[in-house]
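Some notes on the structure that comes next.
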Amino acid sequence: MSADAADEIRGTAHGTAPVPLSVLDLVTVGAGRTASDALRTGVDIARLAESRGFHRYWVAEHHSMPGVASSSPAVILAHLAAHTGRIRLGSGGVMLPNHAPLVIAEQFGTLEAMAPGRIDLGLGRAPGTDGATAAALRRSDRLNEGADDFPQQLAELTRFLDDDFPDGHPYRRIHAVPGPVQATSPGGVQSPHRPPLWLLGSSGFSARLAGMLGLPFAFAHHFSAQNTVPALDLYRESFRPSGVLDAPYALIGVSALATDDEKEARRQVLAAALNMVRLRTGRPGLVPTPEEAEAYDFSPMEREFVDSWNANVIHGTPDEVRTGLDELQKRTGADELMLTANAHGGDVRLRSYELIADAYGLPAPA
Numbered sequence: 006m007s008a009d010a011a012d013e014i015r016g017t018a019h020g021t022a023p024v025p026l027s028v029l030d031l032v033t034v035g036a037g038r039t040a041s042d043a044l045r046t047g048v049d050i051a052r053l054a055e056s057r058g059f060h061r062y063w064v065a066e067h068h069s070m071p072g073v074a075s076s077s078p079a080v081i082l083a084h085l086a087a088h089t090g091r092i093r094l095g096s097g098g099v100m101l102p103n104h105a106p107l108v109i110a111e112q113f114g115t116l117e118a119m120a121p122g123r124i125d126l127g128l129g130r131a132p133g134t135d136g137a138t139a140a141a142l143r144r145s146d147r148l149n150e151g152a153d154d155f156p157q158q159l160a161e162l163t164r165f166l167d168d169d170f171p172d173g174h175p176y177r178r179i180h181a182v183p184g185p186v187q188a189t190s191p192g193g194v195q196s197p198h199r200p201p202l203w204l205l206g207s208s209g210f211s212a213r214l215a216g217m218l219g220l221p222f223a224f225a226h227h228f229s230a231q232n233t234v235p236a237l238d239l240y241r242e243s244f245r246p247s248g249v250l251d252a253p254y255a256l257i258g259v260s261a262l263a264t265d266d267e268k269e270a271r272r273q274v275l276a277a278a279l280n281m282v283r284l285r286t287g288r289p290g291l292v293p294t295p296e297e298a299e300a301y302d303f304s305p306m307e308r309e310f311v312d313s314w315n316a317n318v319i320h321g322t323p324d325e326v327r328t329g330l331d332e333l334q335k336r337t338g339a340d341e342l343m344l345t346a347n348a349h350g351g352d353v354r355l356r357s358y359e360l361i362a363d364a365y366g367l368p369a370p371a
């Protein structure tokens, strides 16, 4: 295993945090706000995360959701790279079946050239949207075929990133640029380094695949909490040492919202839960305000969903959130916690990360 490869994956815990802390951003758009507002908030959160010692900041690919402005992770990451200097930036993740592997290799090779040594490429096999939108993205209605082909797509992407298709392969003379081929060209000085690959999942498929390939694994605890421990166990049991890692490394995505007042936290997560109710019932929209959520007449079925959803959102005062995160890390054995703060207002989300940093005694901003 390369020491450099391991350093790019494993973070350092700061303050009293049990493991490294990171950020997952959906670039959420609240009612009365614009996508521009959401993207500006993303920059503010990335800068805060960098100044307080968070390890990485990832953006998730979603489509056809008015309240989520992260349809183009590579574009957003390029923007963030221009406004930060140290924090790792990456996709959490790119939904590989939506794209040609060569396109992703080119996009993330470009990002690596913009921010050398700071880019992660997290990959998922879900569409990140509904079936009709996935068909429009892929120009095909054979969606299961794309998911089933994920290991082959992953292998092809890896070959493009490493520029090592074997002789006789139809893609042998095709090169992802920027990329390693530039180092072998006459006068070439391009670094052969490439972003580390992560596999993302919410069930056992990617957990097993990541383990078999010796890759780091990211699990979506924030929307598949019941599968977290089984998936992490499967990843660890399946793990085979590789040139990337000599031991398993798993992070989990966690919904966490800290506010100065416990009552305000409940108001904010209720609004985020109403947004999920609408999404799950085919009515996606902007994230509602807490006032709209408080006035909403939830049906018994909707109320049951809200209670179940919010049971997996760690929220409250900073001390309550810290305690909840500590307990979750201990129960799952996660090597890293990636926090996502879902709320209507960007100021609330930004304040949440600040409060959590303070609760753990993370480094003070410069």
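Per my numbering, the very first residue in the sequence shown carries number 6; after that it's consecutive. Just so it is clear, CB atoms sit at the ideal spot from N, CA and C, and this is done for glycine as well.
Give the secondary structure of residue 240 by DSSP, where H, G and I count as helix, E and B as strand, and everything else as coil. helix
Can you name, in chain order, every residue of its own chain whose Cβ lies under 6 Å from the Cβ of residue 387, other than the five neighbours on each side? What the structure shows of the chain is the stretch from 6 to 371, and residue 387 is not part of that stretch, so it cannot be assessed.
Quick check on the DSSP output: the beta strand (DSSP E) that includes residue 257 runs from which residue to which? 255-263
On the criterion of 16 or more Cβ atoms from any shown chain inside 10 Å, does residue 93 qualify as buried, or is it exposed? buried
Below 8 Å on the Cβ atoms is my guess for residue 46 versus residue 351; work out the distance and round it to an integer in Å. 3 Å
Tell me the rounded alpha-carbon separation between residue 126 and residue 98. 7 Å
Expected contact under 8 Å - CB spacing of residue 65 and residue 75 to nearest Å: 6 Å
Residue 242 beta carbon less than 8 Å from that of residue 272: no
N- and C-terminal bounds of the beta strand (DSSP E) containing residue 319: 319-321
Check whether the Cβ atoms of residue 293 and residue 70 sit closer than 8 Å, and answer yes or no. no
Roughly how many angstroms lie between the CA atoms of residue 48 and residue 171, to the nearest whole one? 41 Å
Environment of residue 246 [buried if 16+ CB atoms lie within 10 Å]: exposed
C-beta neighbour in chain C for residue 214, strict 8 Å: No chain C is part of this structure, which consists of one protein chain only.
If I follow the unbroken alpha helix (DSSP H) through residue 93, where does it start and stop? Segment 93-100 is the beta strand (DSSP E) holding residue 93; no alpha helix (DSSP H) there.
Could you have a look at residue 52 and say whether DSSP puts it in helix, strand or coil? helix
Would you be able to state if there are at least three C-beta pairs under 8 Å between the region 189-199 and the region 172-179? no
Kindly identify the DSSP beta-bridge partner or partners of residue 222. 204 and 255
Distance, residue 366 Cα to residue 322 Cα: 15 Å
Across which residues does DSSP place residue 343 in a beta bridge pair? 27 and 258
In three-state terms, what does DSSP make of residue 405? Past the edges of the chain, shown from 6 to 371, lies residue 405, and the structure says nothing about it.
For a quick check, are the C-beta atoms of residue 226 and residue 206 less than 8 Å apart? no
Any idea which residues DSSP pairs residue 124 with across the strands? 94
Coarse secondary structure for residue 336, derived from DSSP in three states: helix
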